[in-house]
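Visitor:
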């Protein structure tokens, strides 16, 4: 439904009474939703359209795409770099529980944690005053 409304806007409202101009929030929401539903190609298409219209993606937009890549059924496997990006992204949008969940997932899947992993997680934890969890990482 939302994607149909977006397409109508692209046609000059297509005869409807809609007065809607897509912005960063509407694009990020659509991209995130498409990627969540496993429609990564459509999400990437919309991402490129957004950039083509001069709308700069933000962390939420990138996080939606990265999440789609990591969770998709296209055989993409997470590696240390993608985990680090996701942990950093969750930390920056105040979702420390998600960041910690990913960290624990890395440990349980026996990924070799690197300095970037620890620094990223520690930065997020200290930034939001979670000294207790930060100390448990040492």
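In full-length UniProt numbering, the protein residues as written are 1 to 138.
Glycine included, C-beta positions come from ideal geometry on N, C-alpha and C.
Are three or more beta carbon pairs between the stretch 35 to 48 and the stretch 78 to 85 nearer than 8 Å?
Guide: no
Visitor: Going by alpha carbons, who is nearest to residue 140 out of 133, 27, 109 and 52?
Guide: Residue 140 lies beyond the stretch modelled for the chain, which goes from 1 to 138, so this question has no answer here.
Visitor: I'd like the span of the alpha helix (DSSP H) that includes residue 33, first residue to last.
Guide: 24 to 36
Visitor: Could you round the C-beta distance between residue 96 and residue 125 to whole angstroms and report it? I think they count as a contact, below 8 Å.
Guide: 7 Å
Visitor: Taking the alpha-carbon of residue 60 as reference, which of 39, 130, 37 and 91 has the nearest alpha-carbon?
Guide: 91
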